[in-house]
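S.K.: Sending over a structure as C-alpha cells; questions will come in a sec.
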Amino acid sequence: MLEARLDQAEILKKVVDAIKDLVQDCNFDCNDSGIALQAMDNSHVALVSMNLQADSFAPYRCDRNIALGVNLTSLTKVLRAAQNTDILTLRALDAPDSLNLVFESQDKDRISEYDLKLMDIDQEHLGIPETEYAATIKMPSVEFRRICTDLMALSESVTIEASKDGIKFTCSGDIGNGSVTLRQHTNVENEKENIEIELSEPVALTFSLKYLVNFCKAAGLSNTVTICLSNEVPLLVSYALTSKAGSNLRFYLAPKIGD
Amino acid sequence: PKGQGSIMSFFNKK
Chain A
1 MLEARLDQAE
11 ILKKVVDAIK
21 DLVQDCNFDC
31 NDSGIALQAM
41 DNSHVALVSM
51 NLQADSFAPY
61 RCDRNIALGV
71 NLTSLTKVLR
81 AAQNTDILTL
91 RALDAPDSLN
101 LVFESQDKDR
111 ISEYDLKLMD
121 IDQEHLGIPE
131 TEYAATIKMP
141 SVEFRRICTD
151 LMALSESVTI
161 EASKDGIKFT
171 CSGDIGNGSV
181 TLRQHTNVEN
191 EKENIEIELS
201 EPVALTFSLK
211 YLVNFCKAAG
221 LSNTVTICLS
231 NEVPLLVSYA
241 LTSKAGSNLR
251 FYLAPKIGD
Chain B
1001 PKGQGSIMSF
1011 FNKK
C-alpha cells in the first residue's frame, strides 16, 4: 500500500494547478523512491515530468509499484478543499480503485477526508536522454513569466538565443517586434534575484509562447526557474519542488522547425 | 501545429 504524508498541501495543489491545462488524465506512479508523473499534452508538443522523491514526504511508505490514474480536473476539485498549509496524506491500496486524501490543519483541529475515484490510463512513457545542455539559465521564475507574457502580446513564438553577450528573447508579430536580453547578474543581498548563465556553445531556437506561458503557471512553486537549451533538442524548463534535490517539476518543449 | 516539432521525435518510447 501507499501512504505518503506531505507537510504542506500547497506543493501538490500548485503542481496540479500548473499542469492541469496541459494534461487532463495522468498516472501518478508510486514506488519506494517516491511519486512520479510523466505526460504529454494532447498535441505531443510538450512533456510534463514531475518527481517527488520519498524524502519529500514524512512518513513515506510504498511497498509495491502503484499507478494512480487520475483525472486532474477531478483532483483539482478535491484539492480545493485543502488549505495550503494543511498536512496532506495520500493513501492507496496495492490495486486501488480510489485514492484517499486526508487534509489536516496544522493545529489538528480539522480533518477532512476525501476518496477520489481512479481510472485506468494506458500512458506511453518516453525515455528522456541525459543531455549536456549548451546553455543553462537560472533566473527568477516571475521574471521568466513576465518575459513570456510580454512577448506573447506581440507574437505566437519566441526565438531564444544564448551567446557570450547573454540570453536574448526575440519575437516579431503583426504590430511590431520586441526583444529582451538578460545578462549574468549577482545580487549579494538577495540571491533569489540572481541570473546565472552557463554557456558552452551558442544556441538559437524558436518555441511556441503559448506553451511557455503555460509552463510559467508553475512560477508559484519556486522563486527560481532553470532553463536549459541545446540546438535541435527540446527546451527544458525546471522548477524545484522542495529544498531537497531531485524533487522537481519539469517541462520539455519541442522546438519549432523549418524557419 | 504547423512548423512545430513533436516531442516524440526527440524522446524514445520506453
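If you read the sequences in order, they're chains A and B.
Per this note's numbering, numbering through the first sequence is continuous, rising by one, with the last residue being 259.
Per this note's numbering, numbering through the second sequence is continuous, rising by one, with the last residue being 1014.
All C-beta atoms in this analysis are idealised placements derived from N, C-alpha and C, irrespective of residue type, glycine included.
1. Could you list the residues in the segment 191 to 223 of chain A with a C-beta less than 7 angstroms from some C-beta on chain B, going in chain order?
2. Let me see if you follow: with CB-CB separation under 8 angstroms, is B:F1010 close to chain A or not?
3. Could you tell me the distance, in whole angstroms, from the CA atom of A:D32 to the CA atom of A:G178?
4. Kindly list, in the order they appear in chain B, the residues whose Cβ is closer than 9 angstroms to that of A:V225.
5. Find out if the Cβ-Cβ distance for the pair A:N51, A:S247 is shorter than 8 angstroms.
6. Please report the straight-line C-alpha distance between A:N9 and A:D55, rounded to a whole angstrom.
7. For chain B, find out if any of its Cβ atoms is closer than 8 angstroms to the Cβ of A:E130; answer yes or no.
8. Any idea what DSSP makes of A:D115, helix, strand or coil?
9. Assign A:T89 to one of three DSSP states: helix, strand, or coil.
10. I need the straight-line Cα distance from A:I195 to A:V142, nearest angstrom please.
11. Taking 6 angstroms as the limit between beta carbons, can you name the residues of its chain near A:A4, skipping five residues before and five after?
12. Residues of the segment 118 to 146 of chain A in Cβ contact with chain B at a cutoff of 7 angstroms, in chain order, please.
13. Using a Cβ cut-off of 8 angstroms, pull out every chain B residue sitting near A:G258, in sequence order please.
14. Can you pull the chain B neighbours of A:A46, defined as C-beta to C-beta under 8 angstroms?
15. Is the CB-CB distance between A:I121 and A:I167 below 8 angstroms?
16. So, A:C26 versus A:Y133, is the Cβ gap smaller than 8 angstroms?
17. Could you compute how far the alpha carbon of A:G176 sits from the alpha carbon of A:V203?
18. Between which residues of its own chain and A:T186 is the CB-CB distance below 7 angstroms, once the five residues before and five after are set aside?
M.R.: In short:
1. Those residues of the segment 191 to 223 of chain A that come within reach of chain B (Cβ to Cβ, closer than 7 angstroms) are S208.
2. yes
3. 48 angstroms
4. Simply none; closest approach about 19 angstroms.
5. Yes, the Cβ-Cβ distance between A:N51 and A:S247 is below 8 angstroms.
6. Here the sequence assigns Ala to residue 9 of chain A, which means Asn is not the residue at that position. Straight-line Cα distance between these residues: approximately 15 angstroms.
7. no
8. The answer is strand: DSSP assigns A:D115 an E or B state.
9. strand
10. 12 angstroms
11. F57, Y60 and L90
12. E124, H125, L126, G127 and I128
13. G1003
14. By Cβ distance, chain B contributes I1007.
15. The answer is no: Cβ separation not under 8 angstroms.
16. no
17. 24 angstroms
18. N194
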